[in-house]
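Numbering (this note's numbering), first residue to last: 104 to 262. Data first, discussion second: the structure below is written as structure tokens.
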Amino acid sequence: WQGDAGYSLLLQLLGSNASAKARFGGEFEFRSFDTSILGVSNVGVESYVVRAVWQQHFVPDGPVSPYIGLGLGIAVNNVDDGKVDRAKGRNARSSTGAGPDGVFMLGIQARVPGVDYLSLYAEGRVGFSVDFSSRHDQSGLDSENFGGASGSAGLRFRF
Numbered sequence: 104w105q106g107d108a109g110y111s112l113l114l115q116l117l118g119s120n121a122s123a124k125a126r127f128g129g130e131f132e133f134r135s136f137d138t139s140i141l142g143v144s145n146v147g148v149e150s151y152v153v154r155a156v157w158q159q160h161f162v163p164d165g166p167v168s169p170y171i172g173l174g175l176g177i178a179v180n181n182v183d184d185g186k187v188d189r190a191k192g193r194n195a196r197s198s199t200g201a202g203p204d205g206v207f208m209l210g211i212q213a214r215v216p217g218v219d220y221l222s223l224y225a226e227g228r229v230g231f232s233v234d235f236s237s238r239h240d241q242s243g244l245d246s247e248n249f250g251g252a253s254g255s256a257g258l259r260f261r262f
């Protein structure tokens, strides 16, 4: 990883099968981070990701349930191309790119005692995200790898 890991905001909506072990749905993620692009360090990126998600919970009715999951989607990335342009010359690359995005999840969920609809979770993710954007200083496309590893914790509401 090159640059500041930044932060991520995630909204996830999942439904489950009758046993509640398999959960399917989608998520929207906003990420803000710094990375290296075309050899220029600490370039700011804002990424908007829409993904289809699957999770397998191993003990869905227990007080604690470990789970694994996968997600596939598309990311639209806005890059601070001004920093790249100053280092590489005018209009070195487009400020907006897009590409495929995927994630593998490993987590644990714990029910809050006495509150049926609320649980706490902690989750680790390893992902790939490829950004394709046009190069203005030469013909063709530029591709950058915006993937990496992350961890998160939060509240999960069940309706």
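Yeah, the Cβ is synthetic: ideal placement off N, Cα and C, and Gly gets one too.
For G185, the enclosing alpha helix (DSSP H) covers residues D184 to K191. When secondary structure is reduced to three states using DSSP, S122 falls in the coil class, being assigned neither helix nor strand.
Here V162 is exposed: its Cβ has fewer than 16 other Cβ atoms, across all protein chains shown, within 10 Å.
Excluding its 5 nearest sequence neighbours in each direction, Q212 has C-beta neighbours in its own chain below 6 Å: S168, S222 and Y224, listed in chain order.
Where Y224 is concerned, the enclosing beta strand (DSSP E) starts and stops at L221 to S237. Three or more beta-carbon pairs drawn from the region 174 to 182 and the region 148 to 155 are found closer than 8 Å, and the two stretches are therefore classed as touching.
Annotated three-state conformation of V143 is strand, per DSSP. In the DSSP assignment, the residues bridged to N180 are S150 and G200. Cα atoms of A201 and P216: separation of roughly 43 Å, rounded to the nearest angstrom. About 14 Å separates the beta carbon of G210 from that of G230, a gap too long to meet the 8 Å contact definition. Of all alpha-carbon atoms in F249, D204, A108 and I140, the one lying nearest the alpha-carbon of S197 is that of I140.
In the DSSP assignment, R261 falls outside any beta strand (DSSP E) and carries neither an H nor an E.
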